[in-house]
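Q:
Number of protein chains: 2
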Amino acid sequence: MEGQTIITTHDVDELFISTVVRLIQRRAFPNLRNIIAKTHSADIARWFPRLRPEAKSSLFTLLIEENRMGEVLCDLNSADISEFVEETESVVVANVLRTMPADDVTRILSELPEENKAELLNLIEGENSEDIERLLEYEERTAGAIMSPNYFALPEETTAAEATEKIRELSEVEMPPITFYVYVVDEDNKLKGVLSLRQLVQTKPGTPLKNLMTSHLYTVHTDMPQETVARAVARYNLLAIPVINSIGQLVGVVTIDDVVDVIREENTEDMLKMAGTGDLDITSRSIFRNTRARLPWLLASFGGGLLAVYIIGIFEAQLQQIAVLAAFIPIIMGMGGNIGTQSSTIIVRSIALGEVGVKDTWRVLWREFSTGALLGTTYGVLLGGFASIFPLFREYAWKLPLVVALAIFVNMMIAATVGTIIPMFFKRIRIDPAVATGPFVTTAIDVIGIFTYFLLAKIFLFK
Amino acid sequence: MEGQTIITTHDVDELFISTVVRLIQRRAFPNLRNIIAKTHSADIARWFPRLRPEAKSSLFTLLIEENRMGEVLCDLNSADISEFVEETESVVVANVLRTMPADDVTRILSELPEENKAELLNLIEGENSEDIERLLEYEERTAGAIMSPNYFALPEETTAAEATEKIRELSEVEMPPITFYVYVVDEDNKLKGVLSLRQLVQTKPGTPLKNLMTSHLYTVHTDMPQETVARAVARYNLLAIPVINSIGQLVGVVTIDDVVDVIREENTEDMLKMAGTGDLDITSRSIFRNTRARLPWLLASFGGGLLAVYIIGIFEAQLQQIAVLAAFIPIIMGMGGNIGTQSSTIIVRSIALGEVGVKDTWRVLWREFSTGALLGTTYGVLLGGFASIFPLFREYAWKLPLVVALAIFVNMMIAATVGTIIPMFFKRIRIDPAVATGPFVTTAIDVIGIFTYFLLAKIFLFK
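First to last, the protein sequences are chains A and B.
Residue numbering for the first sequence follows the working numbering, beginning at 1032 and increasing consecutively.
Residue numbering for the second sequence follows the working numbering, beginning at 1032 and increasing consecutively.
See the structure below:
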């Protein structure tokens, strides 16, 4: 099948990328120009994370010369975008940005420091720059900020034939990237309906759009969060969703390819939040930035740890009598932490997918509590059995096994419950449940677990 | 803006769902029929997780009567699909399935037990059932299993006018759900190229497709994993990707709306795997199934905990002398566990997004190791400072603070490294890095942390 590009598997990609990286480092520019001409911009963007700084600079220069830098820039990760802007002359950056769609430029500019942004906006000038300035005014991560101001809209009275003619007249440059919907608007640019290109092709030439369009359509407001936009497009299987302002005027569209990026970005963010690395840029190579993003989240865990030191301090007298009590601290903490993480992950993900809402609190709480009780019984019996046959603990007869079995049972039950309550509570008070789930859940569970264990020990072993 | 449906935010959804749930439970069927007529099938599907079993049955019956069950079934979660099939007569289920696209039927059948599947296939009969049987033969989660066998393909010599005419002739029923691409094939149905509906509209009527099409196109093979398909569609901003068999014949297309579902499904799976609840169906209400899915993953943690009991047992003599040593076990475990989870989440997600490959092992290992060392130094100093002012530990002078500071430093450094090495190693031996990252990483880190701590204590406090 000559002339066709067959998508290769990830492993073949790896090999190809290594080859390219070597060519760049050897400055084999003629070969590279050939490869660049044949490679999709999204694939070129994937070379960057593997390159050393000098090699990146050479590739930037090469891509500018080949007029490919604009396309590639849309697909770069934020660390590489910053590098490009920082080490390239502003006039050159502006030239590159001028070749790009307004929504992509907006996304790039919004990540830059204020002074860079203003300078570049000045240098870009022209019609596009007005669009960009307008887009930059919307709050980040809203429909307004991610929409494309390029859409195809016509008045209600237009006929199918006239509409087809209009599409024919559009040059490739003016054409919105994914135009398969024709929007219908009134004289104030208020959205009235939508029809698909297919409907246009299938109808009689003289039919006015008014008779073809559906006016039962899904729209989003400029200030809606990007997750809501993504959820709507995904749920209703749309290819694009029109964005309207507060008075119902059509101001842009969010297309499904951008929605795919939003979904991936939101998922990454959820996972990082749950691991307690909220605002980390995973593409950054900087050890210092990596450390700074992770430091504050570990404080929750540190604070909980100090509390545990204090709690165990209270029971010092008991520990001094039966030192082996300490031997069970790790297993009680570990089992509690793991079952709690399971519960909170299930809840956070169910909330994100819309499977579970605030109204379901009691139902999911009951399910997780019961699961915790069942698993706690299982592992309580196992641990009690183990403790009663282990030689080190023989001298405490049935009491120590009973204490550890009870401790792990109670702790797993509490952990599953806490792992459910915390994200549900965050959801209710409108904080992203993923934010605090990770560090909060594990820390709370550790502290409660330690306290319960020593309390049980005190009751049964030292009345 | 009358007659238009404006997408509402999630919270308003919640309120609406509660109202509907009450109507169903009150068996207010006339009202419900009205609401059903006006509601998108994807929204109807979202009522189910909130309903009790009897209410579900009523809603199933109502939807069958209103001829909406087919659409809604596509959007139900797997627990609700099973319930529908289990408690509805096979003839009725087959009637519903007959109204659905072949790829959706395939997805539903592939989740059912063998005998149900065979019975239903028999009952469906007809042309569609051949498509379905063919699709069922592909391995689950491959391009073949998720593709739609409905696509629009024409011979190379067809002119634009003829192609437009063909599209006009297609009835709504025969029309593939998202047809914006026209595929061009030779007499053996081998894929030759592709053009968009827009190109068709923009060209002169007499132009043959051969001159319009691009033959530089992305395709996937029937046996490619669905993640690879999703990655390709997302990376190259496609609306659909053609699926070809081993001899290059076009056999189906995967459209972007299905890709969105795959991305969400794969992300959910990764999160659950990392939390150690690998094969859990988060939509299931069954406490027993929930417990069974989570039990085995907790075994890793249990085994690690027993190892910790053994290790601490070795140091029993030291513990008996200085019982307060036990007070620092939780903080050392907690800090190690949290930094390790941070590292492994960052690595697993970077691998999933294609930002990091096996070739980058040394680079990311160095970054995470250094981050661990920096964070370890910070929290080591903090904990050492704390231990030296806390009254309980005064009697051990500078030695205990030194031991705990060193222990937390070493442990955080090791934890960040282990959290990086384990997923990278799993990636290299071609096991999904998400699978074992959660339980393996935390358990390994706990055991190493406890051992290091007591070893340091023995060296410095009891030479």
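Cβ coordinates follow ideal geometry from the N, Cα and C atoms, glycine included.
Quick caveat: nothing in here was measured; it's all calculated off a predicted structure.
#1: Opposite Gly1283/A in the DSSP bridges: which residues?
#2: Please classify Ile1177/A: is it buried, with 16 or more other beta-carbons within 10 angstroms of its beta-carbon, or exposed?
#3: Does the beta-carbon distance from Leu1413/A to Met1443/A come in below 8 angstroms?
#4: Compare the C-beta of Asp1288/A against all C-beta atoms of chain B and say whether one is closer than 8 angstroms.
#5: Quick check: what's the CA-CA separation for Leu1140/B versus Ile1112/B?
#6: Under 8 angstroms Cβ to Cβ from Val1122/B, same chain only, skipping five residues before and after it: list those, please.
#7: Of all the options Val1449/B, Thr1473/B, Glu1258/B and Val1213/B, which has the alpha carbon lying nearest to the alpha carbon of Met1244/B?
#8: Answer with yes or no whether the minimum CB distance from Lys1390/A to chain B is below 8 angstroms.
#9: Taking one C-beta from the region 1147-1167 of chain B and one from the region 1182-1197 of chain B each time, how about it: are there three or more such pairs within less than 8 angstroms?
#10: State the beta-bridge partners of Thr1392/A as determined by DSSP.
#11: Around the C-beta of Trp1078/B, are 16 or more other C-beta atoms found within 10 angstroms, so that it is buried, or is it exposed?
#12: Taking buried to mean at least 16 other C-beta atoms within 10 Å of its own C-beta, is Gly1416/B buried or exposed?
#13: Going along chain C in order, which residues have a C-beta closer than 8 angstroms to the C-beta of Thr1137/B?
#14: Secondary structure at Tyr1484/B, three-state DSSP: helix, strand or coil?
#15: Would you kindly report the start and end of the unbroken beta strand (DSSP E) that includes Gly1224/B?
#16: For Thr1253/B, which residues in the same chain have their Cβ closer than 7 angstroms to its Cβ, ignoring the five residues on either side in sequence?
#17: Hey, does Val1043/B have any beta-carbon neighbour from chain A nearer than 8 angstroms?
#18: Cβ of Lys1241/B within 8 angstroms of Cβ of Glu1187/B?
#19: Quick one: what does DSSP say Thr1040/B is sitting in, helix, strand or coil?
#20: Under a three-way DSSP split, which group does Thr1253/A fall into?
#21: With distances taken between CB atoms, is the gap from Pro1454/A to Ser1401/A smaller than 8 angstroms?
#22: Check the Cβ-Cβ distances between Glu1097/B and every residue of chain A, and say whether any is below 8 angstroms.
#23: Going along chain A in order, which residues have a C-beta closer than 8 angstroms to the C-beta of Arg1199/B?
#24: Would the region 1123-1131 of chain B count as touching the region 1323-1340 of chain B if we require 3 or more Cβ pairs under 8 angstroms?
#25: Please report whether the beta-carbon of Thr1473/A lies at a distance below 8 angstroms from any beta-carbon of chain B.
#26: Per the contact definition of three or more C-beta pairs closer than 8 angstroms, is the region 1314-1329 of chain B in contact with the region 1287-1296 of chain B?
#27: Report buried or exposed for Lys1223/A, applying the criterion of at least 16 other Cβ atoms within 10 angstroms of its Cβ.
#28: Across which residues does DSSP place Thr1173/B in a beta bridge pair?
#29: Can you tell me whether Pro1084/A is buried or exposed? The criterion is at least 16 other CB atoms within 10 Å of its CB, across all chains shown.
#30: In three-state terms, what does DSSP make of Leu1496/A?
#31: Beta-carbon separation of Pro1464/B and Val1340/B under 8 angstroms?
#32: I need the boundaries of the beta strand (DSSP E) containing Ala1184/B, first residue and last residue.
#33: Consider the Cβ of Gln1056/A: report whether some Cβ of chain B lies at a distance smaller than 8 angstroms.
#34: So, is Ile1377/A buried or exposed, given that buried needs 16 or more other C-beta atoms within 10 angstroms?
#35: Taking the C-alpha atoms as reference points, what is the distance between Gly1403/A and Phe1471/A?
#36: Do you know how far the Cα of Leu1143/B is from the Cα of Phe1440/B?
A: Considering the structure as presented:
#1: Here residue 1283/A refers to the residue found at position 252 of the first sequence. Looking at the DSSP assignment, Gly1283/A forms a beta bridge with Val1274/A.
#2: Counted from its first residue, the first sequence places residue 1177/A at position 146. By the Cβ-count criterion, Ile1177/A is buried, with 16 or more other Cβ atoms from all chains shown falling within 10 Å of its own Cβ.
#3: Position 382 of the first sequence holds residue 1413/A. Position 412 of the first sequence holds residue 1443/A. Not closer than 8 angstroms, so no.
#4: Taking the first residue of the first sequence as position 1, residue 1288/A is located at position 257. Judged by the 8 angstroms Cβ criterion, Asp1288/A is in contact with chain B.
#5: Looking up residue 1140/B in the second sequence gives position 109. Looking up residue 1112/B in the second sequence gives position 81. As the crow flies, the alpha-carbon of Leu1140/B is around 10 angstroms from that of Ile1112/B.
#6: Position 91 of the second sequence, counted from the start, is the residue given in the question as residue 1122/B. Counting only Cβ-Cβ distances below 8 angstroms, and skipping sequence neighbours, we find Leu1154.
#7: The residue given as residue 1244/B occupies position 213 in the second sequence. Distances from the CA of Met1244/B to each of Val1449/B, Thr1473/B, Glu1258/B and Val1213/B were compared; the closest alpha carbon is that of Val1213/B.
#8: Numbered from 1 along the first sequence, position 359 holds the residue referred to as residue 1390/A. It does; some Cβ of chain B falls within 8 angstroms.
#9: Remark: fewer than three beta-carbon pairs, one from each stretch, lie closer than 8 angstroms, so the region 1147-1167 of chain B and the region 1182-1197 of chain B are not flagged as touching.
#10: On the first sequence, residue 1392/A is found 361 positions in, with the first residue counted as 1. In DSSP, Thr1392/A forms no bridge with anything.
#11: Within the second sequence, numbered from 1, the residue matching residue 1078/B stands at position 47. Per the 10 Å Cβ criterion, buried.
#12: Position 385 of the second sequence, counted from the first residue, corresponds to residue 1416/B. Gly1416/B is exposed by the Cβ-count criterion.
#13: No chain C appears in the structure shown, which is made up of the protein chains A and B.
#14: The count along the second sequence starts at 1 and reaches residue 1484/B at position 453. It is helical.
#15: In the second sequence, counting from the first residue as 1, residue 1224/B sits at position 193. Per DSSP, Gly1224/B belongs to the beta strand (DSSP E) from Leu1222 to Ser1227.
#16: Within the second sequence, residue 1253/B is the residue found at index 222, counting from 1. Hits under 7 angstroms: Tyr1169, Thr1173, Ala1174, Gly1175, Val1274, Asn1276 and Val1282.
#17: As a working mapping, residue 1043/B is identified with position 12 in the second sequence. Only weak support exists for where Val1043/B lies, its pLDDT of 47 falling under 50; the value from the coordinates is given anyway. Not one chain A Cβ lies under 8 angstroms of Val1043/B.
#18: Numbered from 1 along the second sequence, position 210 holds the residue referred to as residue 1241/B. Numbered from 1 along the second sequence, position 156 holds the residue referred to as residue 1187/B. A contact, by the Cβ cut-off of 8 angstroms.
#19: Within the second sequence, residue 1040/B is the residue found at index 9, counting from 1. Model confidence at Thr1040/B stands at a pLDDT of 40, short of 50, so the residue's coordinates are unreliable; what they give is reported in the following sentence. Coil at Thr1040/B, not helix or strand.
#20: In the first sequence, residue 1253/A corresponds to position 222, counting from 1. Note: Thr1253/A maps to coil in three-state DSSP.
#21: Taking the first sequence and counting its residues from 1, one reaches residue 1454/A at position 423. Taking the first sequence and counting its residues from 1, one reaches residue 1401/A at position 370. Cβ distance not < 8 angstroms, so Pro1454/A and Ser1401/A don't count as in contact.
#22: Within the second sequence, the letter at position 66 stands for residue 1097/B. Not closer than 8 angstroms to any Cβ of chain A, the Cβ of Glu1097/B fails to qualify, so no.
#23: Against the second sequence, residue 1199/B aligns to sequence position 168. Near Arg1199/B (Cβ distances below 8 angstroms), the residues of chain A are Val1232 and Gln1233.
#24: Judged by Cβ distances under 8 angstroms, the region 1123-1131 of chain B makes no contact with the region 1323-1340 of chain B, as fewer than three pairs qualify.
#25: One-based indexing of the first sequence puts residue 1473/A at position 442. Yes, its Cβ sits closer than 8 angstroms to a Cβ of chain B.
#26: Result no; under three Cβ-Cβ pairs closer than 8 angstroms.
#27: As a working note, residue 1223/A is residue 192 in the first sequence. Classification for Lys1223/A: buried.
#28: Counting from one through the second sequence, the residue named residue 1173/B turns up at place 142. Pro1256/B.
#29: By 1-based counting over the first sequence, the position of residue 1084/A is 53. It is exposed - the Cβ of Pro1084/A has fewer than 16 other Cβ atoms within 10 Å.
#30: Because residue 1496/A is not part of the residues shown, which for chain A are 1032 to 1494, the question remains open.
#31: Against the second sequence, residue 1464/B aligns to sequence position 433. Against the second sequence, residue 1340/B aligns to sequence position 309. Cβ distance not < 8 angstroms, so Pro1464/B and Val1340/B don't count as in contact.
#32: Translated into positions along the second sequence, residue 1184/B becomes position 153. Ala1184 to Pro1186 is the extent of the beta strand (DSSP E) around Ala1184/B.
#33: Position 25 of the first sequence, counting from 1, holds the residue named residue 1056/A. Put simply, the CB of Gln1056/A is far from chain B, with every gap to its CB atoms at 8 angstroms or more.
#34: As a first step, residue 1377/A must be located in the first sequence, where it is residue number 346. Counting of Cβ neighbours within 10 angstroms places Ile1377/A among the buried residues, the total reaching 16 or more.
#35: For this step, residue 1403/A is matched to residue 372 along the first sequence. For this step, residue 1471/A is matched to residue 440 along the first sequence. Roughly 19 angstroms separates the two Cα atoms.
#36: On the second sequence, position 409 is the one that residue 1440/B refers to. On the second sequence, position 112 is the one that residue 1143/B refers to. If I take the Cα positions, the gap works out to 52 angstroms.
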